[in-house]
Amino acid sequence: MKNIKLIVSAFFFVTIAIAQTKGTLTGIITDKESNNAPLPFANVFVKETRNSTTSNEIGKYLIELNPGTYVIQFSSVGYESFEKTVTINAGEITTLNCTLGSGNYTLKDVVVKATASREKETAILLDQKNAVVIKQSIGAQEMSRKGISDVEEGLTKITGITKVDGRGLFIRGLEDRYNNLLINDLQSPSNSPFKKIIPLDLFPTDVVGILNVYKTFNPNISGDFAGATVNIETPQPKNITKLNIGFGYTTNNNLRDFLLSHDANSSKGKLGLIGDDRAIPDAFGSVPNGTKLSPSQYEEAYGKNNWDVASTNSPLNSSIGFLHAQKFKLEKERNFSYIMSFNFDNNYVYNEGVDRTFNLGQGNYDNNLYTTQYSYQTTLSGLLGLNYKTKRLSTSLNSMIIKATESKIQDQLGYTNSLANQTNNLIRMNQYEESIYWNNQLLADYKITEDAKHTIKAGGAYVSTSFQQPDRKFLLGVKNENDINMSYGGNNLNRQYLDIKGNFYFSSFLEYNLKFGSKEKNNNLSIGYNSFLNDMQSSYRFLSGKKNIEKNYTANLNSISSSINDDINNGILYVQEESNGDYKVKLNQFVNVGYFNLFMNFGEKWDINAGLRAENSTREIKYREQGDPFGSAYRLKSDDKLDILPSINAKYLLNDNSNLRVSLAKTITRPVAMELLPINYINADGTSESGNPNLLNSENYNVDFKYELFPNNKELFAVGVFGKMINNPIERVFKPTANSGGQITTFKNSEEAIIFGAEIEMLFQLSRIHESLSNFSWGFNTSLMSTDVTIDITKIGNELENTKNRALQGASNWLINSDLKYDFNINKDWKNSMSLVYNVYGDRIFAVGSSGIDHIYEKSFSKLDFIWTNTISKNIEVKFAIDNILNPSYKKELGSESTLNITEDSLIVREYKRGVGFSINLGYTF
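Here the numbering used here is used: position 829 in the sequence shown is 832, and no number is missing along the way.
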């Protein structure tokens with residue numbers, strides 16, 4: 004370790020010493036057509052050495068040269084170039100400012116070409132180079148090249164990010180709860196109580212201009228931050244009208260036998276419009292009171308085919324998207340633009356495999372099931388954006404809506420409750436899930452003074468969300484080929500109605516910026532206010548199929564409704580509500596924030612960004628316990644906290660192509676809604692998930708170091724190390740139950756977690772190896788991490804922990820992302836780009852073991868994709884993709900270090916394959 008420190012120190016000081024023999028050329032490039040506003044992404048070219056650089060987001064450039072006289076050329080797309088001769092002296096800083104004008108170019112040409120460049124890979128790389136905070140981004144151009152269809156998939160191409168089926172993104176090995184989401188700098192809620200941020204695979208790339216991932220904290224983003232904060236910027240205005248149509252085939256998913264619930268196998272069902280049809284019947288009212296349905300009420304509420312399932316075939320997956328945007332130049336340097344986007348897609352998903360649980364403290368299976376799932380999914384999204392811009396004012400109005408549905412039939416065959424001699428029991432779940440997310444934003448940016456030294460920006464968002472699983476119903480019996488032998492009672496014919504509604508969600512920001520110092524300095528002071536107010540409530544009601552008379556019979560599994568209807572009409576069976584007093588929970592959370600942020604240049608080498616964020620949060624949970632009367636007063640669990648969150652980010656410019664960075668910050672982590680709310684979510688197989696209202700926020704202390712080298716505007720090499728100390732980390736654990744009582748998963752705070760990690764990122768043009776490889780480029784990034792959690796086994800709730808130290812739940816020790824790109828042209832119009840993209844992550848703890856049973860691990864999973872993008876002409880684009888080429892099994896497995904004797908042959912608790920996907924997408928630009 005000491006040798007490594009000596010090598011790093013020597014490298015640092017030698018680099019600085021070499022730099023002193025050179026001179027520095029710097030300056031600001033401004034835009035004559037925009038009242039000398041800074042011009043970002045302009046080119047600075049040294050004719051004699053052929054070195055080049057580009058200006059940053061505030062128009063500043065810097066390049067180091069040996070002593071001598073040089074001709075410097077300034078240029079930018081849509082502007083007339085400018086040349087100037089300059090003399091450079093050793094150890095001295097020479098300032099050369101430049102103003103570029105459009106000359107004979109039309110203003111329209113300048114606007115369109117300059118705007119599009121912000122979403123290009125070269126511009127994104129430049130932004131990463133010049134930012135003081137450690138961030139990475141991916142733009143519309145790169146997402147298009149890699150055949151990326153949604154935001155979640157796009158983010159997996161960034162260092163340290165992996166995607167887990169159904170569980171969102173893991174960033175730096177930390178799962179969903181440790182990450183946060185902004186849309187245009189405004190805090191955004193989730194559409195699902197089971198996730199911290201809205202599943203990003205619901206966002207099509209049409210609604211995205213740039214995805215920014217902040218891996219270090221600064222005061223103008225939320226303090227709820229440990230893994231990363233993702234900021235989605237909606238697209239920049241450009242003149243475009245585009246239609247996309249796509250089709251997909253996944254092996255063992257499409258063009259096969261498929262099951263759909265009776266209502267989903269209809270025109271309304273195929274469009275995801277059956278949520279209202281499955282709502283709890285009016286006869287049960289808004290407050291549970293033990294209502295028992297009469298036969299006529301049952302038929303009115305559920306019809307004649309409510310339990311039936313259609314045996315059909317799954318066609319190809321399909322998608323359609325439409326994008327239209329236009330920009331208008333008005334009088335007096337004013338502009339107006341709009342963008343509208345519409346996307347709809349559907350997918351047929353099939354998987355099958357083992358699904359097991361172990362009894363805590365015993366070493367045998369509690370449940371041993373083989374699960375088959377048929378899932379039909381739809382996503383509908385729309386975006387409307389309006390922008391009005393004058394010389395000093397810019398305002399935007401954005402409205403985005405996303406509706407996602409899933410109709411699922413799940414059959415589980417085997418045994419539950421350790422009854423190993425009953426291996427042919429069947430549990431069928433018929434579930435419909437619907438979520439709606441509607442985000443409306445108003446943004447404004449105003450230059451108080453004409454020179455833009457004093458500016459103010461503000462924004463507000465109103466978000467409406469809903470999540471529901473109406474008429475989630477279970478059928479139990481013994482399977483015999485296509486029939487089921489069934490008796491009434493127990494959990495058979497039970498129905499659940501889960502409805503979690505976001506009553507309202509408001510978020511806002513207001514920020515004043517003061518630029519001071521000389522043109523070369525561009526120091527900036529920001530003072531701001533943030534807030535969000537989240538008010539939501541849940542309703543979770545249960546209906547049971549109750550028997551008046553014992554009956555056992557056999558019927559066809561997929562058309563059993565007629566038998567059930569007959570027994571209801573004959574008085575053998577009835578339906579009654581059996582909800583408890585805890586059916587409703589309310590959550591109100593109000594966060595007020597004040598912050599300041601100071602950005603300063605020290606000389607030509609140091610950029611420092613330091614500040615403080617004060618977050619005052621009030622959280623109230625109103626609930627009743629199971630035995631409380633329905634009309635009784637709510638119990639109250641409240642939490643008021645003031646968090647003072649300092650941060651400092653520093654960048655040292657080693658030379659014009661490389662940086663050293665350091666960051667120190669304190670942040671917090673708030674729990675996910677379902678981790679916190681006192682709701683016991685029950686599955687058909689008897690397993691359940693319980694929230695814990697006593698959860699505390701985690702406190703995170705973060706440190707990062709990073710070295711970056713940018714050989715040119717298309718290449719990058721970066722290596723970084725990071726560390727985190729998390730007080731009260733939130734983890735998923737198993738809750739002890741009576742023998743064979745069904746596995747309960749819950750959440751708790753451990754005492755402390757220590758995390759150390761390293762990240763390496765590379766982006767190279769393979770022409771460095773040989774000229775024949777000039778069309779190839781290679782990207783590679785990896786994260787390595789070590790975690791250690793301290794457990795106080797004397798603390799209540801920790802008594803059954805197996806050890807005092809272990810790895811952090813949800814964290815992988817390593818992950819790798821890589822892509823190989825090949826660009827070639829068939830003719831001047833027909834351009835092609837092929838990419839091979841690979842992702843893999845290491846094992847991680849899914850749930851913490853206890854009572855002598857080891858942890859449940861998510862096993863390593865790798866993914867290889869191929870994408871071929873053809874731009875046949877300026878109007879026609881074709882994308883062909885092969886997804887998940889390797890098609891490995893997704894597995895969860897009990898670890899091998901249980902202290903109890905494991906009596907079962909297999910440690911695998913969940914396993915299935917996704918299939919290999921083939922898709923083609925045709926885009927036509929009008």
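Ideal Cβ placement from N, Cα and C applies to all residues, glycine included.
Grab me the residues of residue i's own chain with a C-beta within less than 7 Å of its C-beta, minus the 5 sequence neighbours each way, in chain order.
{"i": "Phe921", "result": "Gly251, Tyr252, Ile885"}
{"i": "Ala119", "result": "Note that Ala119 scores 35 on pLDDT, short of 50, meaning its location in the model is unreliable and no value can be drawn from it."}
{"i": "Gly548", "result": "Tyr491, Asn495, Leu496, Asn497, Leu576, Val578"}
{"i": "Asn586", "result": "According to the sequence as given, residue 586 is Tyr; it is not Asn. The residues are Pro291, Ser542, Tyr543, Arg544."}
{"i": "Thr426", "result": "Gly417, Tyr418"}
{"i": "Lys834", "result": "Asn828, Thr874"}
{"i": "Leu803", "result": "Pro739, Ser853, Ser854"}
{"i": "Pro192", "result": "Val466, Thr468, Gly505, Tyr508, Asn537"}
{"i": "Thr672", "result": "Arg180, Tyr181, Asp227, Ala229, Asn700, Ser701, Asn703, Ile733"}
{"i": "Ser564", "result": "Lys307, Asn308, Asn309, Trp310, Asp311"}
Check the C-beta distance from residue i over to residue j and give it rounded, since I have them as a contact under 8 Å.
{"i": "Asn660", "j": "Leu712", "result": "6 Å"}
{"i": "Val594", "j": "Ser521", "result": "Incorrect: roughly 38 Å between the Cβ atoms, too far for contact."}
{"i": "Ser899", "j": "Glu914", "result": "About 17 Å; that fails the 8 Å criterion."}
{"i": "Gly30", "j": "Thr98", "result": "5 Å"}
{"i": "Ile405", "j": "Ser421", "result": "Not really, about 42 Å apart at Cβ, beyond 8 Å."}
{"i": "Val675", "j": "Arg180", "result": "5 Å"}
{"i": "Ile923", "j": "Gly324", "result": "The pair is not a contact, with the Cβ atoms about 14 Å apart (cut-off 8 Å)."}
{"i": "Gln413", "j": "Thr381", "result": "Between Thr381 and Gln413 the Cβ distance is about 18 Å, and since that is not below 8 Å, they are no contact."}
{"i": "Gly745", "j": "Ser691", "result": "6 Å"}
{"i": "Asn194", "j": "Phe470", "result": "6 Å"}
Short of 6 Å in beta carbon distance, which residues of its chain neighbour residue i, apart from the five on each side in sequence? Order them along the chain.
{"i": "Gly918", "result": "Thr253, Thr254, Asn255, Asn256"}
{"i": "Lys476", "result": "Asn433, Arg498"}
{"i": "Ser344", "result": "Asp209, Val210, Leu326, Leu386"}
{"i": "Met403", "result": "Leu386, Asn442"}
{"i": "Ser909", "result": "none"}
{"i": "Ile611", "result": "Met603, Ala653"}
{"i": "Ala447", "result": "Thr398, Ala461"}
Can residue i and residue j be called in contact, C-beta distance under 8 Å?
{"i": "Glu980", "j": "Gly26", "result": "Past the boundaries of the shown model lies residue 980; the chain is included only from 4 to 929, so the question cannot be answered."}
{"i": "Gly364", "j": "Leu903", "result": "yes"}
{"i": "Leu680", "j": "Val588", "result": "yes"}
{"i": "Ala175", "j": "Ser786", "result": "What sits at residue 175 in the sequence shown is Arg, not Ala. Closer than 8 Å, so yes."}
{"i": "Ala231", "j": "Val211", "result": "no"}
{"i": "Ser438", "j": "Leu263", "result": "no"}
{"i": "Thr33", "j": "Leu42", "result": "yes"}
{"i": "Ile772", "j": "Asn752", "result": "no"}
{"i": "Asn600", "j": "Phe220", "result": "no"}
{"i": "Phe602", "j": "Asn662", "result": "no"}
{"i": "Tyr351", "j": "Ser314", "result": "no"}
{"i": "Glu514", "j": "Lys450", "result": "no"}
{"i": "Phe783", "j": "Met765", "result": "yes"}
{"i": "Asp791", "j": "Asn808", "result": "yes"}
{"i": "Leu172", "j": "Leu203", "result": "yes"}
{"i": "Gln768", "j": "Lys717", "result": "yes"}
{"i": "Leu68", "j": "Val49", "result": "yes"}
{"i": "Asn349", "j": "Asn371", "result": "no"}
Starting from the C-beta of residue i, find all residues in its chain whose C-beta is less than 8 Å away, skip the five residues before and the five after it, and write them out in chain order.
{"i": "Ile7", "result": "For Ile7, the predicted model reports a pLDDT of 40, less than 50, meaning its position is unreliable; a value from the coordinates is still stated below. None."}
{"i": "Val912", "result": "Val357, Asp358, Arg359, Thr360, Phe361, Ile859, Lys895, Glu896, Leu897"}
{"i": "Ala850", "result": "Arg735, Val736, Phe737, Thr748, Gln812, His858, Ile859"}
Does the beta carbon of residue i sit closer than 8 Å to a beta carbon anywhere in chain D?
{"i": "Asn805", "result": "Among the chains in the structure shown there is no chain D, since it carries only a single protein chain."}
* To do: Report the residue ranges of all beta strand (DSSP E) runs contained in full by the region 837-910; include only those spanning at least 3 residues, in chain order.
  => If only complete runs of 3 or more residues are kept, the region 837-910 shows the beta strand (DSSP E) at 847-850, 859-861, 864-874, 879-886, 892-897, in order along the chain.
* Asked: Along the chain, which unbroken stretches of the beta strand (DSSP E) at least 3 residues long are found entirely within the region 612-689?
  -> If we require 3 residues or more, the beta strand (DSSP E) runs fully inside the region 612-689 come out as 638-658, 661-672, 683-685.
* How about the region 813-832 and the region 187-196: do they share at least three Cβ pairs that are nearer than 8 Å? -> The region 813-832 vs the region 187-196: no contact.
* Contact the region 360-378 vs the region 853-872: 3+ CB pairs below 8 Å -> The region 360-378 is in contact with the region 853-872.
* To do: Evaluate the contact criterion for the region 217-229 versus the region 280-290: three or more CB pairs, one atom per stretch, below 8 Å.
  => No, they do not touch.
* Determine, using beta-carbon pairs with one atom in the region 759-770 and one in the region 714-734, whether at least three such pairs fall under 8 Å. => Enough Cβ pairs lie closer than 8 Å, so yes.
* To do: For the region 726-770, list the beta strand (DSSP E) runs that are entirely contained and at least 3 residues long, ordered along the chain.
  => Taking only runs of at least 3 residues, the beta strand (DSSP E) segments lying wholly in the region 726-770 are 733-738, 747-752, 755-768.
* To do: Entirely within the region 526-604 and at least 4 residues each: give me those alpha helix (DSSP H) ranges in chain order.
  => Those alpha helix (DSSP H) runs which fall completely within the region 526-604 and span 4+ residues are 564-572.
* Asked: Where in the region 282-350 do unbroken runs of the alpha helix (DSSP H), each at least 4 residues long, occur, reported from the N-terminal end onward?
  -> Within the region 282-350, the complete alpha helix (DSSP H) segments at least 4 residues long are 298-305, listed from N- to C-terminus.
* Please list the segments of the beta strand (DSSP E) lying wholly inside the region 477-527, counting only runs of 3 or more residues, in order along the chain. => As far as the region 477-527 is concerned, its whole beta strand (DSSP E) runs of at least 3 residues are 486-490, 498-519.
* To do: Pick out the complete alpha helix (DSSP H) segments inside the region 772-800, 4 residues or longer, and give them in chain order.
  => Under the rule that a run must span 4 or more residues, no alpha helix (DSSP H) segment is found entirely inside the region 772-800.
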